[in-house]
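Inspection log for the structure reproduced underneath, given as structure tokens.
2 protein chains.
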Amino acid sequence: MTTDPTSPDGRRIVIVGGVAGGMSAAARARRLDTRARIVVLEQGHYVSFANCGLPYHLSGEIPDRSALLLHTPASLARTLDLDVRTGHRALAIDRAAREVTVRSAAGTYTLPYDALILAPGAEAVRPPIDGLDHPVVHSLRTVPDVDGMRARIDALTDASGRDAPTAVVVGAGFIGLEAVEALVARGLHVHLVELADQVLPPLDAELAPLLAEELLTRGVHLHLGASAQSVAAMDTGSAGVARVTLSDGAVISADLVVVNVGVRPASSLAREAGLELGARGAIRVDADQRTSDPHIWAVGDAVEVVQAVTGAPAPVPLAGPANRQGRRAADAVCGRRTTPQAPVLGTAIVRVFGLTAAVTGASQARLRAAGVDHEVVHLHPAHHAGYFPGAEQIHLVASFAPDGTLLGAQAVGRAGVDKRIDVLATAIRAGMGADDLAELELAYAPPYGSAKDPVNMLGFVAQNVLDGTMPQWQAWDLDEILATTLVLDVRSRTEFDAEHLEGALNIPHTELRQHLGTVREAAAGRPVSVHCASGVRSYLATRVLLADGRDARNLSGGWLTLQAVRP
Amino acid sequence: MTTDPTSPDGRRIVIVGGVAGGMSAAARARRLDTRARIVVLEQGHYVSFANCGLPYHLSGEIPDRSALLLHTPASLARTLDLDVRTGHRALAIDRAAREVTVRSAAGTYTLPYDALILAPGAEAVRPPIDGLDHPVVHSLRTVPDVDGMRARIDALTDASGRDAPTAVVVGAGFIGLEAVEALVARGLHVHLVELADQVLPPLDAELAPLLAEELLTRGVHLHLGASAQSVAAMDTGSAGVARVTLSDGAVISADLVVVNVGVRPASSLAREAGLELGARGAIRVDADQRTSDPHIWAVGDAVEVVQAVTGAPAPVPLAGPANRQGRRAADAVCGRRTTPQAPVLGTAIVRVFGLTAAVTGASQARLRAAGVDHEVVHLHPAHHAGYFPGAEQIHLVASFAPDGTLLGAQAVGRAGVDKRIDVLATAIRAGMGADDLAELELAYAPPYGSAKDPVNMLGFVAQNVLDGTMPQWQAWDLDEILATTLVLDVRSRTEFDAEHLEGALNIPHTELRQHLGTVREAAAGRPVSVHCASGVRSYLATRVLLADGRDARNLSGGWLTLQAVRP
Ligand SMILES: Cc1cc2nc3c(=O)[nH]c(=O)nc-3n(C[C@H](O)[C@H](O)[C@H](O)COP(=O)(O)OP(=O)(O)OC[C@H]3O[C@@H](n4cnc5c(N)ncnc54)[C@H](O)[C@@H]3O)c2cc1C
Ligand SMILES: Cc1cc2nc3c(=O)[nH]c(=O)nc-3n(C[C@H](O)[C@H](O)[C@H](O)COP(=O)(O)OP(=O)(O)OC[C@H]3O[C@@H](n4cnc5c(N)ncnc54)[C@H](O)[C@@H]3O)c2cc1C
Ligand SMILES: CC(C)(COP(=O)(O)OP(=O)(O)OC[C@H]1O[C@@H](n2cnc3c(N)ncnc32)[C@H](O)[C@@H]1OP(=O)(O)O)[C@@H](O)C(=O)NCCC(=O)NCCS
Ligand SMILES: CC(C)(COP(=O)(O)OP(=O)(O)OC[C@H]1O[C@@H](n2cnc3c(N)ncnc32)[C@H](O)[C@@H]1OP(=O)(O)O)[C@@H](O)C(=O)NCCC(=O)NCCS
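Top line first, the protein sequences correspond to chains A and B. So in my numbering, spot 429 of the first sequence is number 555, and the numbers just go up one at a time. So in my numbering, spot 539 of the second sequence is number 665, and the numbers just go up one at a time.
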């Protein structure tokens, strides 16, 4: 039982930024120190608003705008005795005098502090597109942003007798995808433009095509590997419509353009005050959120964190970390034992119509970039017992270190994705490996899971790959495989006839034991590259072939993964 | 890369029991050793059937009976080259000769083995009820059991013009509750009889009333703290109906009686062979599933495991552990490195109409029985962002050691329960504590969770309780609290007026700072026991009172938990 470090003299805590990280810090500080004088400065008109809910108000799924405004300065004064000042912008920090210069409608003033917490968030990156000031161009970051977009959409859809309006969404990241979903829900024709050659760039390349497929199914036009180059007025001069030109030559006449190509830390205040900055200009902090100035802490989108697995520093602009960092900064400011910041996994999730995509830990791209040795496994298990109605396939990819440690996991599917990624995020944080996943004891009854949960299955498969029970080949090596090995397709004849790899030999796995000689001859000394639809039957076949002395390997994730990688 | 331990001479593996543990062992053994001779003995008519799916076939939710039969001996021969013998019962083991005596319709024979795996499962406990042989009495364990019940129900419901038939379900454990749900779905009037004074005895007493409420809402009649004493023919002699007499004097005329009061390890074969037995007659095995005989392994419902947290040995009859133990036994038999059995958490889940109840780790009752010091916290967070439509409350209870280690967790709710329990099961396995939960990075977007997930929230609250930031009182201590302290209700006046504790003082938390004097006077030196609806507002109030020098404590889980404990 620690004693209560209250401040009879009224410790002065000033917080810059009144949303996720800032207001979490303010609330926690008040709970820890009922006597402190806590001032929250927010340049905008709203505090404590649900940024993450904005796309769903845009769509109308959250019909009531006020649901997004979790608090007002008045309610925060009443419940938490906070002095919250909207429309007040922190202009400068005088570290020697411990004062913040603040500008408000009423003028500029200075505010002394004993502890200063910076939670200014991030700023939207403005991509190099000509004509970004055209009135049809919007961004999706704040309440006024959504108000503006809703007004435009209402006006467009009120104009009866005309076709559905057209929107161009630039950037297929998390928020871009949420914007697409929202605009389709509002009845717009949507074009999605993304510089990378896949949607949701943080997603492994094997999974992204599933999202692309879903978007196409919902009528979204995809422009991948393309950038928007200009937004220009129409020759006809018709207002409220713009001509959007893409790098691939496409020209779209758009009623609405939404640009969300990422954010950058809002660190100018910190930089000008001479605080140490790190990766991509983010504010450098220690595990207690303290900056290079002992009286200043910083949290949220504006700060640099250590990424799990690779150890690379980077800003990771997510609400969960921002909220917890705010709480931690308050603990530190109030002299409490803190829960030090753990390396950040970047666990993130997005709904794309009927699909959910989620990631945790290091993606394959990050592992490659960091030069971390890893083995990738692909699975497509059902989200609950296959015999129970409504089982949906989860497409699961995970990377393991040679010693079995789980490094990262990603999943796409219609159900049960969030649960598996949360379990895997917990497992990575705990330093678990393939053996631990194999032995996890997850809740099983038919409506919820399987006796061998997809997470256990991931452990089993990784064990088999890592200990050599199941050597594997990867879909991205197909060209080399076709050139140098015998491809053995152990699916049924019907499946084979429907579609198969050029030159593949078809022996259904149930008949393989009777035809080992055929394989031996066809292989003629070459390795045998086995596959089936998902990897399960071909695993059995691989075992039979290995026992017969073949150099056999199983295609990770089977035909399902192959199709995604090589459509 | 280990080399492949195949057996050119054809290692002889005999497996007793052809369902969860046994068939998992057989399948894994075949994958590891393509040349072994593997015989599976199953006394029943079916192998590889989905026991856990039986209640859902009873209800009709799984309409197709064949969906439950995952394999036949023929399909297992074809895919896995297994010699599966249904209708063959292992009668005795000659350990010296390494032979099993087997009885089949064709006669009795002996079967030699190099390795023997016992997976005989469990047997239904027959409670001391007179007349259990009456034809209306059924149990729910096998495919024929369900066939029989379905036939009876079809006959009952075909008899047109009569009222809905009546069923008595004896035992409100996991399977009993699934049976109740199924019978209600089939249109029966259901009486549920349970010896304990709550449904689902493994559930903490604070959560069980939520299930009881749901059962009552669906028209189920509850007889808690009662036992069935006899099932007797009706005086009228009308066949197909029985008079069921309960210990509390109730007499029910029942068309169907379903008895599921628990299971006991089916260890007679092992016992007669002189293998070492442990808790409740379960077969004793090491972390590799090996029994006291080096050539015999055992898995599943028949074996004793070490329970996590308390370390107490017990059989834990669940499908996940059985499946994984089967896999492990095969690894051991085939000379593979095994994934040793971790202490068993007993993670389990059940759907009760619209509710889900799930548990992992040690319950409070088990902690008390084992004398393990622990602190209990109660929360009622929303399963995803509250501002997103469809947020459902999760009722979450967890126990922590004084050093913060998570010992057990349970939850009831309409959505998101399985996910939280799986994350918490992973956390217990990893040895995580309150600090780790506070820092877990779980997937957040509004449709899936909250920036501060319920699991993080559990960590926060536990930290506050354990470090003295938030002293708490428990609903079960209400009598003492009423007698010795001032109860301060910080809910709004409207909430207070609707219902409140006798003698409580009402000061809404937003007004508390202005009325500290009132509290001081009313307390008159006594401690102040604060509460609100769920614990959040009263936590703020507790902090304010502590700073004012009061000896204040917050009611864990608030009015919601109090109501469940003291209806
Ligand atoms: C549309 C949208 C959807 C999102 N969805 C998700 C999601 O589903 N899941 C997820 O994890 N994350 C999501 N995020 C990200 C998440 O909202 C941010 O990571 C989080 O809000 C960051 O918290 P913060 O406190 O650092 O910054 P913010 O919450 O952005 O708050 C910073 C505040 O500081 C103010 N400010 C800046 N400088 C000054 C100054 N000098 N003086 C005064 N005030 C200042 C700004 O006006 C701003 O209001 C989403 C973000 C957006 C925009
Ligand atoms: C209705 C029902 C619902 C369930 N729901 C769930 C659930 O939702 N989640 C969960 O985790 N668990 C559930 N279970 C429990 C789960 O099914 C068991 O834990 C699991 O099947 C145990 O596996 P086992 O291999 O040990 O035994 P079993 O699967 O029961 O197999 C044992 C087999 O051995 C055979 N046998 C026994 N003795 C001999 C002998 N001498 N010779 C030949 N054969 C023999 C038996 O006939 C039996 O078929 C449920 C069980 C039932 C009955
Ligand atoms: C609304 C806001 C001010 C709330 O901050 P907060 O008070 O720290 O958070 P919550 O309301 O979730 O309450 C959490 C506190 O209640 C406590 N608590 C929760 N349930 C409890 C219970 N049953 N009993 C006792 N205490 C409980 C927690 O321990 C925690 O307190 P602590 O931090 O002192 O340990 C802040 O989160 C905010 O401004 N959010 C909007 C912006 C945002 O987050 N955007 C991004 C996501 S959309
Ligand atoms: C049906 C039954 C025979 C299946 O046993 P099984 O073959 O071990 O289990 P699965 O079919 O789930 O397959 C798991 C295997 O496929 C492998 N696998 C799964 N997905 C894979 C993929 N994409 N690529 C390669 N291998 C894969 C796993 O690694 C595992 O193999 P391993 O144990 O050698 O590592 C057995 O579980 C059974 O009889 N079940 C019914 C009874 C029962 O379980 N009742 C209780 C619950 S209702």
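Just so it is clear, CB atoms sit at the ideal spot from N, CA and C, and this is done for glycine as well.
Item	Value
Residues bridged to Glu621 of chain A (per DSSP)	BP columns for Glu621 of chain A are empty, so no partner.
Endpoints, beta strand (DSSP E) assigned at Arg739 of chain B	What the structure shows of chain B is the stretch from 127 to 693, and residue 739 of chain B is not part of that stretch, so it cannot be assessed.
Gly247 of chain B CB to nearest heavy atom of ligand 2 below 6 Å	yes
Any chain A beta carbon closer than 7 Å to Tyr513 of chain B	yes
Buried or exposed by the 16-neighbour rule on C-beta atoms within 10 Å, applied to Ala285 of chain B	exposed
Span separating the alpha-carbon of Glu187 of chain B from that of Pro515 of chain A	7 Å
Cβ-Cβ separation, Ser682 of chain B to Gln598 of chain B (assumed contact under 8 Å), whole Å	5 Å
Below-7 Å beta-carbon distance, Val549 of chain B vs any chain A residue	yes
Where Gly233 of chain B sits in the DSSP three-state scheme	strand
Chain-ordered neighbours of Gly446 of chain A on chain B, where CB pairs are closer than 8 Å	Glu567, Leu568, Tyr570, Ala577, Lys578, Asp579, Asn582
Rounded straight-line distance, which links the Cα of Val431 of chain B to that of Arg215 of chain B	25 Å
Burial state of His171 of chain B (16 or more Cβ within 10 Å)	exposed
Ala624 of chain A vs Pro335 of chain A beta-carbon contact at 7 Å	no
Closer than 6 Å: Pro443 of chain B CB and nearest ligand 2 heavy atom	yes
Status (buried if at least 16 other CB within 10 Å, exposed otherwise) for Thr128 of chain B	At Thr128 of chain B, the pLDDT of 36 sits below 50, so the modelled position is not reliable; the number obtained from the coordinates is stated separately. Exposed, by the Cβ-count rule.
Contact check, Thr694 of chain B vs Gly559 of chain B, beta carbons under 7 Å	There is simply no residue 694 of chain B to check, as chain B begins at 127 and stops at 693 in what is shown.
Interface flag, Thr436 of chain B vs chain A, CB-CB below 7 Å	no
Short CB-CB distance (under 7 Å) between Leu318 of chain B and chain A	no
Touch test, the region 528-545 of chain A against the region 541-551 of chain B, Cβ-Cβ under 8 Å, three pairs minimum	yes
Pick from B:Ala484, B:Ala380, B:Val435 that is closest to Ser115 of chain B, judged by C-alpha positions	Shown here, chain B extends from 127 to 693; a query on residue 115 of chain B therefore has no answer.
Cβ contact (3+ pairs, closer than 8 Å) linking the region 340-350 of chain B and the region 469-485 of chain B	yes
Interfacial residues, the region 655-671 of chain B to chain A, with Cβ spacing under 7 Å	Leu666, Arg669, Val670
Assigned secondary structure, His347 of chain B (DSSP; H/G/I helix, E/B strand, else coil)	strand
Proximal residues, the region 168-180 of chain A versus chain B, C-beta separation under 9 Å	Ala176, Cys178, Gly179
Ala578 of chain B beta carbon near ligand 3 (any heavy atom closer than 6 Å)	Checking the sequence, you will find Lys at residue 578 of chain B rather than Ala. Within the cutoff, so yes.
Through-space distance from His635 of chain A to Asp561 of chain B, alpha-carbon basis	50 Å
Ala146 of chain A to Glu249 of chain A span [Cα, whole Å]	15 Å
Contact set between Ile188 of chain A and chain B, taken where Cβ atoms lie within less than 7 Å	Tyr513, Phe514, Pro515
Interface flag, Pro573 of chain A vs chain B, CB-CB below 7 Å	yes
Inter-stretch contact at 8 Å, needing at least 3 Cβ pairs: the region 375-392 of chain A / the region 232-248 of chain A	yes
Chain-order list of residues whose beta-carbon lies under 8 Å from that of Gln536 of chain B (same chain, five-residue window excluded)	Leu329, Asp330, Leu333, Ala483, Ala484, Val485, Thr486, Ser489, Leu522, Val523, Ala524, Ile547
Presumed contact (8 Å Cβ cut-off) between Ile633 of chain A and Leu608 of chain A, rounded CB distance	18 Å between Cβ atoms; not a contact.
Which residues DSSP lists as bridging Ile475 of chain A, in chain order	A:Ala484
Neighbouring residues, chain B, relative to Val470 of chain A (Cβ below 9 Å)	Glu567
Where Asp118 of chain A sits in the DSSP three-state scheme	Because residue 118 of chain A is not part of the residues shown, which for chain A are 127 to 693, the question remains open.
Heavy atom of ligand 4 within 6 Å of Phe514 of chain A beta-carbon	no
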